[in-house]
Amino acid sequence: MSLRRIILSIKDIQRLTGRSERQSRRILVAVRKKLGKQPRQPVSIQEYCRYTGLHEEDVARYLGIYE
Numbered sequence: 016m017s018l019r020r021i022i023l024s025i026k027d028i029q030r031l032t033g034r035s036e037r038q039s040r041r042i043l044v045a046v047r048k049k050l051g052k053q054p055r056q057p058v059s060i061q062e063y064c065r066y067t068g069l070h071e072e073d074v075a076r077y078l079g080i081y082e
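In terms of our numbering, the numbers along the sequence shown are unbroken and rise by one, the last being 82.
Okay, structure coming up:
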């Protein structure tokens, strides 16, 4: 199986966490800050999983982004 995409969106974080759009944006900002990224730089699924401790395969399967 291969991934159809590797970048995580605000909507993806909402689906994963059940949080509001605003709270999901805050989570993404926290991930970027921890990784030393600039505000507009994308966050990959792998980076998000490293930050949260979730398994990449589980996240990708839940989001339905396997090809």
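Just so you know, even glycine gets a beta-carbon here, dropped at the ideal spot from N, CA and C.
Three-state class that DSSP yields for residue i in the structure shown
{"i": "residue 21", "result": "coil"}
{"i": "residue 35", "result": "coil"}
Short Cβ contact (8 Å threshold) for residue i with residue j
{"i": "residue 39", "j": "residue 28", "result": "yes"}
{"i": "residue 47", "j": "residue 56", "result": "yes"}
{"i": "residue 78", "j": "residue 34", "result": "no"}
Selected residue, minimal CA-CA separation from residue i, among the options
{"i": "residue 63", "options": "36, 49 and 33", "result": "49"}
{"i": "residue 25", "options": "52, 51, 19 and 58", "result": "58"}
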